[in-house]
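Here is the structure we will look at, set down as structure tokens.
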Amino acid sequence: MEAALAQRDAGAQWPAQWRLSQRDQVILRDGFERFTAGRGQSFGDAVAALHAATVANIIAGRTFFLGQIERAPIVGSLISGIGLVELDAGIVVVRCTTRGAPLQLGGFAL
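Note that the numbering used here has the sequence shown beginning at 7, numbered continuously upward.
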């Protein structure tokens with residue numbers, strides 16, 4: 007499984023300082039490709055693309071409400087805590103932990 011994930015992720019990379027797992031990188035990349043291929047514009051489009059990518063890459067994969075920043079919902083993985091949120095700066099990738107506020111990693115773009 008990991009070899010297939012590594013092979014699929016041979017293209018553009020998310021910033022190394024985000025310290026994403028190989029699986030999260032693949033899912034975010036797939037989600038971003040689905041979002042842009044579908045000419046996604048809204049946060050709802052981004053969440054739908056992320057969900058489709060999760061289902062395509064993980065058996066029985068799901069996305070969940072992880073929390074919020076201000077009044078904006080964060081949707082993503084309960085396992086890794088990686089999710090998406092819509093802020094004034096646009097759609098942002100965040101890392102949620104049980105310790106403190108979500109960490110904004112950067113924009114949902116490659």
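Ideal Cβ positions, reconstructed from N, Cα and C, are used throughout, including at glycine.
| Query | Result |
| --- | --- |
| Straight-line Cα distance separating residue 99 from residue 58 | 17 angstroms |
| CA-to-CA distance, residue 62 to residue 24, given in whole angstroms | 23 angstroms |
| Option in 64, 66, 35 with minimal Cα separation from residue 90 | 35 |
| Buried or exposed by the 16-neighbour rule on C-beta atoms within 10 Å, applied to residue 182 | With the chain represented from 7 up to 116, any question about residue 182 goes unanswered, as that position is not in the structure. |
| Proximal residues to residue 20 (C-beta, below 7 angstroms), its chain only, five neighbours per side dropped | 26, 31, 34 |
| Helix, strand or coil at residue 56 according to DSSP, with G and I counted as helix | helix |
| Local conformation of residue 101 per DSSP, three classes | strand |
| Reduced DSSP secondary structure (H/G/I, E/B, other) of residue 78 | strand |
| Buried versus exposed, by CB contacts within 10 Å (16 or more), residue 84 | exposed |
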